[in-house]
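The structure appears right after this line, and notes come after that.
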Amino acid sequence: MGTRAAVDPLRLPHASKACSEELAEHDGAGLNPFSAMAVADKVSAMTTARVFQERRNRVDWNAFDRIMFRKDGAPPRHGDEVP
0 MGTRAAVDPL RLPHASKACS EELAEHDGAG LNPFSAMAVA DKVSAMTTAR VFQERRNRVD
60 WNAFDRIMFR KDGAPPRHGD EVP
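Following numbering that gives the first Met the number 0, the numbering of the sequence shown begins with 0 at its first residue and continues without gaps.
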């Protein structure tokens, strides 16, 4: 037996709803699937941003500078890999 989607009423300002309905119609979708996809897109974008923020916080900028600003523009050497 499949899982059922939770049903929650979504309240939108009139202007946002009208614009969403217009975009959904142009996309060939109803308002509900269009809204679900819009929410999924936003969740995906925010999750991706969080992942990159966490990775940015782990960067060893001193190691980065040593590799990027090597004399004579020498290419990376064995051991330059990030663990």
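All C-beta atoms in this analysis are idealised placements derived from N, C-alpha and C, irrespective of residue type, glycine included. As the structure is a prediction and not an experimental result, all values here were calculated from the model.
Suppose you measure from the CA of Ala39 to the CA of Asn56; what does that come to, to the nearest Å? As a position in the sequence shown, residue 39 is number 40, starting the count at 1. As a position in the sequence shown, residue 56 is number 57, starting the count at 1. Spanning the two alpha carbons is a distance of roughly 26 angstroms.
Quick one, which of His25, Pro32, Trp60 has its alpha-carbon nearest Ala4's? Here residue 4 refers to the residue found at position 5 of the sequence shown. Nearest option by C-alpha distance: Pro32.
Can you give me the C-alpha to C-alpha distance between Lys41 and Glu53, rounded to a whole angstrom? Within the sequence shown, the letter at position 42 stands for residue 41. Within the sequence shown, the letter at position 54 stands for residue 53. Approximately 18 angstroms between the Cα atoms of the pair.
According to DSSP, is Leu9 part of a helix, a strand, or is it coil? Position 10 of the sequence shown, counted from the first residue, corresponds to residue 9. In the structure shown, Leu9 sits in coil (DSSP, three-state: anything other than H, G, I, E or B).
For Glu20, which residues in the same chain have their Cβ closer than 6 angstroms to its Cβ, ignoring the five residues on either side in sequence? Position 21 of the sequence shown, counted from the start, is the residue given in the question as residue 20. Closer than 6 angstroms at the Cβ level, and outside the excluded window around Glu20, lie Leu30.
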